[in-house]
Amino acid sequence: MGSLTQEQKSLIIGTILGDGYLRIIPRRKNAFLEVNHSIKQKDYVDWKYSVLQSIVKNGPKLRNGNGNRIACRFYTCCSPEITDLFRYFYKDRKKIIPDDLQINPFSLAVWYMDDGSKSGDSIYLNTQQFSIEDQNKLQKLLLNQFNINSNLNKDKEYMRIRIITADAKKFCNIIREFIPQSMQYKLV
Numbered sequence: 001m002g003s004l005t006q007e008q009k010s011l012i013i014g015t016i017l018g019d020g021y022l023r024i025i026p027r028r029k030n031a032f033l034e035v036n037h038s039i040k041q042k043d044y045v046d047w048k049y050s051v052l053q054s055i056v057k058n059g060p061k062l063r064n065g066n067g068n069r070i071a072c073r074f075y076t077c078c079s080p081e082i083t084d085l086f087r088y089f090y091k092d093r094k095k096i097i098p099d100d101l102q103i104n105p106f107s108l109a110v111w112y113m114d115d116g117s118k119s120g121d122s123i124y125l126n127t128q129q130f131s132i133e134d135q136n137k138l139q140k141l142l143l144n145q146f147n148i149n150s151n152l153n154k155d156k157e158y159m160r161i162r163i164i165t166a167d168a169k170k171f172c173n174i175i176r177e178f179i180p181q182s183m184q185y186k187l188v
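Right, dumping it as C-alpha cells:
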C-alpha cells in the first residue's frame, strides 16, 4: 500500500468527523478505518470504496447489525498515515476535534453525507458525539474556513450543529460538486 492521496485523506477526515472511526487492534502498530453504513446507503459505501480502493483488501460486505438492521461495511488496510490521523483525532481512544483542524470542501461534503441531515430548508450536522467545546470548535471551523454561520440546536438531550437557514444554500453550494447521485437528496 502506497501513501494516501489527498482525496483519500480528505475522505477519511470527513468520515472521522461523521460516522467513521479509526482503530488500532491490540498488539498491532498501525490504525485502520472502518466504514459502516446502513444497507440503505450501499451506493454511498460503494462510492467511498471507489475512492479508498487502493488501500482496501476486500470490498464492501453485508452484515447483520443491531436488531434487524443490515449494514454494509469495509475496512482499510492498516497504515502509518492512518495512525497519524488516529493520534490527531483521538485522545484516550475518544474522538476529539483538534484545535488546528483544517478541512477542505471534499471533507466537509463527506462529513455532511455521513452525519448530516436536512429538514425543510434547515441543515444539521449531527455532532452529538462531541463535547460542547468540540462542537464550538467545529462551529468556528465552519465560520473561519467556509464563512458558514451556525448555532447549537438541542436534539432530545444532546446538542448538534444547525447551519443557519440564510447559509444553508451557501453550505450546499460549497459541497454540491462532491455529492454522488445517491446522496443528492440531502441538498437544499
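When we follow the UniProt record's numbering, the leftmost residue of the sequence shown carries the number 1, and every step to the right adds one. Every residue gets a Cβ at the ideal spot worked out from N, C-alpha and C, and that includes glycine. Predicted, not measured: the structure shown is a model, and the values here were computed from it.
{"Query": "Going by Cα to Cα distance, which pick from 17, 124 and 84 is closest to residue 134?", "Result": "17"}
{"Query": "Measure the C-alpha to C-alpha separation of residue 152 and residue 161 and round it to an integer number of angstroms.", "Result": "5 angstroms"}
{"Query": "Residue 166 and residue 83 look like a contact to me (Cβ under 8 angstroms); what is the Cβ gap, rounded to whole Å?", "Result": "Going by Cβ atoms, the distance from residue 166 to residue 83 rounds to 41 angstroms, so no, they are not a contact pair."}
{"Query": "Which of the three DSSP states, helix, strand or coil, is assigned to residue 169?", "Result": "helix"}
{"Query": "Between residue 90 and residue 111, what straight-line distance do the alpha-carbon atoms span, to the nearest angstrom?", "Result": "17 angstroms"}
{"Query": "With 16 other CB atoms within 10 Å as the buried threshold, where does residue 80 fall?", "Result": "exposed"}
{"Query": "Considering just the uninterrupted stretch of the alpha helix (DSSP H) at residue 14, what are its terminal residues?", "Result": "6–17"}
{"Query": "Looking at the unbroken beta strand (DSSP E) that takes in residue 183, where does it start and where does it end?", "Result": "No beta strand (DSSP E) contains residue 183, which DSSP labels as neither H nor E."}
{"Query": "If you run the structure through DSSP and keep just helix, strand and coil, what is residue 58?", "Result": "coil"}
{"Query": "With a 10 Å radius around its C-beta and 16 neighbouring C-beta atoms as the bar for buried, classify residue 60 as buried or exposed.", "Result": "buried"}
{"Query": "If you run the structure through DSSP and keep just helix, strand and coil, what is residue 69?", "Result": "coil"}
{"Query": "By how many angstroms is the C-alpha of residue 106 removed from the C-alpha of residue 14?", "Result": "8 angstroms"}
{"Query": "Residue 158 bridges to which residues according to DSSP?", "Result": "155"}
{"Query": "Name the residue from 23, 179, 70 and 7 whose alpha carbon lies nearest to the alpha carbon of residue 116.", "Result": "179"}
{"Query": "Does the beta-carbon of residue 8 have 16 or more other beta-carbons within 10 angstroms, so that it is buried, or is it exposed?", "Result": "buried"}
{"Query": "Which first and last residues belong to the beta strand (DSSP E) in which residue 123 is found?", "Result": "122–125"}
{"Query": "State the beta-bridge partners of residue 63 as determined by DSSP.", "Result": "71"}
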